[in-house]
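Residue numbers (the working numbering): 19 to 234.
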């Protein structure tokens, strides 16, 4: 069984550029944790109660059934804890869910943009894909005519959010952090790496790419 889990940033980013439908088109079903659901405003007690562009699309996605909140599982104290101190609660919950699914024998892909979250997932052996890689894969599958205009729109939406005061560690704030991961001077990303195609290391030392993951 193939399991796709999404962090808050990619969901908000795709919702803001009206491309959420790419996710069920590529993966059929996407799981989120209860922590991430609260971050993006999909629970009765959201982390950030204010509305934002794209929230209605996310709510509709839950109603349609392809975006699902994973059942809450109480973990023992000695279970997974993040290695990276920069990993927030949402990213930690997504990585924890990914590890539980892997332990159950499933193939897992985590869609995440935040730099710390990506590093944590890689360290834990979880395959990752960024939002831009989703757009690249959608282009390869014929779901969109071109990914470059969508990528520019995504980066523009992230840039707009960097000029908004964050309300706690909400998903909206995490999207502005994703913009820093894409464009920050410390990243030195090429266009290929901006696309978020790197994944967990293969035994050969190479990296999994979106096409190689085999999500058909």
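Where is the CB? At the ideal position from N, CA and C, for every residue including glycine.
Here the structure is a predicted model, which means the values were calculated and not measured.
Residue environment, residue i, which counts as buried when at least 16 other CB atoms sit within 10 Å
i           : result
residue 166 : exposed
residue 69  : exposed
residue 36  : exposed
residue 131 : buried
residue 143 : exposed
residue 28  : buried
residue 83  : exposed
residue 31  : buried
Per DSSP, cross-strand counterpart(s) of residue i
i           : result
residue 174 : Per DSSP, none; premise fails for residue 174.
residue 261 : Absent from the model: residue 261. The displayed extent of the chain is 19 to 234, so no value can be given.
residue 85  : 48
residue 147 : 129
residue 20  : 125
Pairwise C-alpha distance: residue j and residue i
i           : j           : result
residue 119 : residue 21  : 8 Å
residue 89  : residue 24  : 15 Å
residue 81  : residue 97  : 32 Å
residue 148 : residue 91  : 26 Å
residue 58  : residue 115 : 18 Å
residue 79  : residue 85  : 6 Å
residue 117 : residue 173 : 30 Å
residue 153 : residue 175 : 15 Å
residue 160 : residue 122 : 32 Å
Cβ shell of residue i (< 6 Å), same chain only, five flanking positions each side left out
i           : result
residue 156 : 40, 162
residue 55  : 61, 87
residue 42  : 84
residue 169 : 150, 153
residue 49  : 23, 86, 88
Distance cut-off 8 Å: residue i Cβ against heavy atoms of the ligand SAM
i           : result
residue 135 : Of the ligands one can find in the structure shown there are none, so the ligand SAM has no counterpart to examine.
Own chain residues within Cβ distance below 7 Å of residue i, not counting five before or after
i           : result
residue 135 : 25, 105, 109
residue 53  : 107, 108, 111
residue 33  : 72, 75, 76
residue 103 : none
Same chain only: Cβ atoms within 8 Å of residue i, ignoring 5 sequence neighbours per side
i           : result
residue 100 : 109, 110, 113, 138
residue 124 : 19, 20, 21
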